């Protein structure tokens, strides 16, 4: 069976920075992920390059920053008061609030966003809500482990 609209492909893959080849994400055959194709849930460049592949097929392609996660958006880097991260007793846990830590946060519309602490200064925490791979040209490589038709309840309305 080939990957097409409303199929689920189980994929092992790696994503690398095209500039230096550093692996940014790797999913092994043991942990292969399933993706629903043809419903605009995935990067368009990913779907285009896997369309028509079958179990056992390998893939390798590059995606520009624009095709992948876009440029870094300076508006997605925000300063928050350190008190945002205070415990109920008002204490700030230095083990929790540290540079590099990722926190789920909510926006005014109720969407969950992941923000990474990139700086701590005085009473301010600088968080970056850009996708971790934003601003990068990427290399995708991997193998299709399996392909099957999506079940009706797996297809969004």
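In our numbering, the protein residues as written are 3 to 159.
C-beta: ideal position from N, C-alpha, C; glycine also.
Keep in mind that this is a model prediction, so the values were computed, not measured.
Reference residue i, options the options, closest by Cα
i: residue 38; options: 29, 48, 32 and 68; result: 48
i: residue 16; options: 83, 133, 25 and 107; result: 25
i: residue 55; options: 154, 159, 144 and 158; result: 144
i: residue 126; options: 85, 115, 154 and 146; result: 85
i: residue 29; options: 20, 134, 13 and 41; result: 13
i: residue 158; options: 76, 33, 118 and 41; result: 41
i: residue 68; options: 147, 133 and 154; result: 133
i: residue 101; options: 152, 151, 109 and 118; result: 118
i: residue 114; options: 131, 31, 124 and 21; result: 131
i: residue 109; options: 82, 6 and 8; result: 82
i: residue 74; options: 155, 156, 138 and 151; result: 138
i: residue 165; options: 99, 116, 91 and 96; result: Residue 165 lies beyond the range of the chain shown here (3 to 159); nothing can be said about it.
i: residue 59; options: 154, 156 and 4; result: 4
i: residue 46; options: 35, 66 and 34; result: 66
i: residue 142; options: 124, 50, 90 and 111; result: 50
In DSSP terms, what residue i is bridged to
i: residue 8; result: Note: residue 8 sits in no beta bridge, so no partner.
i: residue 123; result: 126
Start and end residues, alpha helix (DSSP H) containing residue i
i: residue 52; result: 46 to 52
First through last residue of the beta strand (DSSP E) which encompasses residue i
i: residue 144; result: 140 to 151
i: residue 129; result: 126 to 130
i: residue 60; result: 60 to 65
Whether residue i touches residue j by CB criterion (8 Å)
i: residue 105; j: residue 94; result: no
i: residue 64; j: residue 122; result: no
i: residue 147; j: residue 57; result: yes
i: residue 129; j: residue 120; result: yes
i: residue 11; j: residue 52; result: yes
i: residue 136; j: residue 72; result: yes
i: residue 151; j: residue 8; result: yes
Practice problem: For the stretch 73 to 121, list the beta strand (DSSP E) runs that are entirely contained and at least 3 residues long, ordered along the chain. | Solution: Complete beta strand (DSSP E) runs here, min 3: 79 to 83 and 104 to 108.
Practice problem: Would you mind listing the beta strand (DSSP E) stretches within the stretch 14 to 39 that are 3+ residues and don't spill past its ends, in chain order? | Solution: Under the rule that a run must span 3 or more residues, the beta strand (DSSP E) segments found entirely inside the stretch 14 to 39 read 25 to 29 and 35 to 38.
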